[in-house]
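Notes to accompany the following structure.
Number of protein chains: 4
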Amino acid sequence: MDMIIRLESASGRPLYQQIVDQVKHMVAAGTLRSEDRLPTVRELAADLIVNPNTIAHAYQQLEREKVIETRRGLGSFICNSGSPLSKAVRIAMVADLIDRALVEAHHLGIEADGVRAILEDRLVQLGRSEEKSHV
Amino acid sequence: MDMIIRLESASGRPLYQQIVDQVKHMVAAGTLRSEDRLPTVRELAADLIVNPNTIAHAYQQLEREKVIETRRGLGSFICNSGSPLSKAVRIAMVADLIDRALVEAHHLGIEADGVRAILEDRLVQLGRSEEKSHV
Amino acid sequence: MDMIIRLESASGRPLYQQIVDQVKHMVAAGTLRSEDRLPTVRELAADLIVNPNTIAHAYQQLEREKVIETRRGLGSFICNSGSPLSKAVRIAMVADLIDRALVEAHHLGIEADGVRAILEDRLVQLGRSEEKSHV
Amino acid sequence: MDMIIRLESASGRPLYQQIVDQVKHMVAAGTLRSEDRLPTVRELAADLIVNPNTIAHAYQQLEREKVIETRRGLGSFICNSGSPLSKAVRIAMVADLIDRALVEAHHLGIEADGVRAILEDRLVQLGRSEEKSHV
DNA sequence: GTGGTCTAGACCACA
DNA sequence: GTGGTCTAGACCACG
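Protein chains in written order, with the numbering used here: chain D, 150 to 284; chain P, 150 to 284; chain X, 150 to 284; chain Y, 150 to 284.
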């Protein structure tokens with residue numbers, strides 16, 4: 150199975166960050182599971198046609214966030230260990246992201262109920278993408 | 150009334166982006182309303198003790214997003230936009246931000262109910278800052 | 150004032166890690182205080198005769214650990230914000246380091262009281278180096 | 150009796166180093182005593198499911214540190230060393246490790262009394278693992 | 001001028 | 001063969 154990552158070099162978002170985002174998304178969606186092995190740094194670099202250092206940077210950030218663990222000489226693997234951050238910090242991080250979504254929603258003319266509906270929809274989508282990957 | 154903006158030079162988020170965020174936040178909360186006049190670039194630069202270029206950059210972005218309108222020789226004013234984007238596009242933009250929050254929440258060990266609770270909390274916070282502005 | 154860092158390229162310990170260690174040591178000892186400005190990446194690179202990327206790597210790690218904060222376009226500054234890690238994790242980290250010291254002490258024939266004495270001595274030294282820097 | 154070693158492939162710490170640490174820990178705790186025989190390289194490699202080279206590397210380092218002694222054709226044995234280093238050097242080595250713990254503790258917001266408490270706790274833990282080995 | 005990102009390519013430790 | 005470290009040098013966003 151290939152891990153499918155799609156980079157947009159024009160997006161302004163750093164390449165390594167796009168990789169981090171997409172791996173985290175796949176883990177949250179269940180497409181990648183605990184103990185799954187990621188492509189090696191060199192493989193993914195060749196696949197995405199970017200410098201191996203860029204991939205290494207992304208993998209190191211994923212490891213710092215405890216999304217993956219790297220076993221020397223073997224490769225990198227998804228792990229599901231809990232975040233070492235304090236609960237208050239974790240909630241603040243999510244609250245900040247929710248805040249941004251709410252402000253943006255207001256400017257786009259989407260009210261509270263609309264945001265609630267979108268939230269429920271995305272929760273379902275994230276859950277279902279797991280089933281999709283088994284079809 | 151002064152427009153109160155608080156910058157964190159350490160947040161990693163660019164200063165101009167923080168200004169954009171906070172102006173949009175104030176509009177979302179009702180602290181700023183259509184036709185309200187913003188401080189001039191120079192005034193705000195002196196107030197926040199930052200480079201005027203930084204303020205100008207922020208105002209330009211706000212104008213691009215149709216949050217404010219600059220009238221030659223008169224200053225910048227909040228305009229009630231009415232987003233020109235289609236409903237589907239607008240929902241997709243908010244859904245994308247919600248998605249990021251959900252992915253992050255998953256990795257921080259915060260489940261669906263936790264995110265719902267945070268959403269309700271932030272909705273209340275946004276509402277309250279509106280009430281404060283009515284005092 | 151120069152920030153004095155001494156690298157041993159033969160020590161096996163990565164250069165960037167040696168820089169991180171020494172900055173943290175100086176902060177703990179009071180030689181560097183909140184709001185003190187660090188040399189720029191390029192300055193320190195020229196000073197230590199290493200690649201600027203190596204310094205940048207060290208500074209980024211210090212920022213992740215909330216030892217310094219970097220203000221875009223201005224430089225890096227010592228900050229004294231608390232660790233975002235949960236208390237249990239923080240205690241475990243220190244306990245692990247203490248454990249290593251205890252095991253090493255045993256193999257070197259130093260018993261519990263000896264280690265306690267060394268601890269008290271180092272506590273005093275760390276405190277005093279602050280006074281020394283003011284002479 | 151088997152020598153129980155538990156490796157964490159995710160810890161970042163090299164496997165061979167973890168083996169060295171744990172053997173030294175067992176000697177410090179009294180679980181292993183002078184003249185005790187260690188498993189052969191092949192036995193331990195099979196037991197831990199790692200490359201024999203890794204075990205050999207660990208044993209070589211233990212021998213360099215005079216923790217074990219390899220007797221041709223007989224195997225490896227714990228030796229009660231008696232470090233050849235001068236007292237001043239030995240104290241300096243432990244002091245350096247304590248220093249690192251203190252610097253880390255400072256940055257994690259753990260004060261002197263907290264470190265003292267952790268030290269006493271770890272001393273008790275080391276002692277208890279010795280008692281367990283007497284059962 | 002400041003740090004951040006990315007490329008290219010070398011060397012080393014580890015398994 | 002795997003990732004980690006370091007060098008060298010380019011380009012860009014930010015202030």
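All residues carry an ideal CB built from backbone N, CA and C; glycine is no exception.
Note that this is a predicted model, so its numbers are computed, not measured.
- The region 193 to 210 of chain Y makes no contact with the region 210 to 226 of chain X: fewer than 3 CB pairs, one atom from each, lie closer than 8 Å.
- Comparing alpha-carbon positions, the option among P:VAL216, P:GLU184 and P:PRO201 lying closest to ARG191 of chain P turns out to be P:PRO201.
- Per DSSP, ARG220 of chain P lies in no alpha helix (DSSP H); the unbroken beta strand (DSSP E) holding it starts and ends at 217 to 220.
- In the three-state scheme derived from DSSP, where H, G and I count as helix and E and B as strand, ILE227 of chain X is classed as strand.
- Across the structure, THR189 of chain Y and VAL238 of chain Y are spaced so that their CA atoms are roughly 33 Å apart.
- In this chain, the alpha helix (DSSP H) harbouring ILE247 of chain X covers 236 to 256.
- The beta-carbon of GLU260 of chain D is placed no less than 8 Å from the nearest beta-carbon of chain Y.
- GLN167 of chain D and ALA195 of chain D have their alpha carbons spaced roughly 16 Å apart.
- Setting aside the 5 residues that flank it on each side, LEU197 of chain P is surrounded in the same chain by ILE154 and LEU156, each with a C-beta closer than 7 Å to its C-beta; the list follows chain order.
- Contacts between ARG220 of chain D and chain Y, judged by CB atoms closer than 7 Å, involve SER158 and ALA159 in chain order.
- Counting C-beta pairs with one atom in each stretch, the region 168 to 178 of chain Y and the region 260 to 278 of chain X have fewer than three that are closer than 8 Å, which means they do not touch.
- Residues of chain D with a Cβ closer than 7 Å to the Cβ of LEU234 of chain X are, in chain order, PRO233, LEU234 and SER235.
- Excluding five sequence positions before and after CYS228 of chain X, the CB atoms of its chain that fall closer than 8 Å to its own CB belong to SER183, GLU184, LYS215, VAL216, ILE217 and GLU218, given in chain order.
- Taking the C-beta atoms as reference points, ILE267 of chain X is found nearer than 8 Å to ALA244 of chain Y.
- Burial is judged here by how many other beta carbons sit within 10 angstroms of a residue's own beta carbon; PRO233 of chain D has at least 16 and is buried.
- The Cβ neighbour count for ALA254 of chain D, taken over all protein chains shown within 10 Å, is at least 16; the residue is labelled buried.
- As DSSP reads the structure, ARG182 of chain X sits in no beta bridge.
- Against PRO201 of chain P, chain X offers no close residue; the least beta-carbon distance is about 14 Å (beta-carbon pairs closer than 7 Å).
- Check the Cα spacing between LYS236 of chain Y and each of X:PHE226, X:ALA241, X:GLU260 and X:TYR165: the tightest is with X:GLU260.
- Taking CB atoms only, MET152 of chain P has no neighbour in chain D less than 8 Å away.
- Of the residues assessed, ALA250 of chain Y falls on the buried side of the cut-off, its CB having 16 or more other CB atoms within 10 angstroms.
- Taking 8 Å as the cut-off, the beta carbon of ARG162 of chain P is found no closer than this to the beta carbon of PHE226 of chain P.
- One finds ARG221 in chain X with Cβ atoms closer than 8 Å to the Cβ of PRO163 of chain P, taken in chain order.
- Short of 8 Å from the beta carbon of GLY231 of chain X, and not among the five residues preceding or following it, lie these beta carbons of its own chain, in chain order: LYS215.
- Leaving aside the five residues that flank GLN210 of chain D on each side, the residues in its chain whose CB is nearer than 6 Å to its CB run, in chain order, VAL169.
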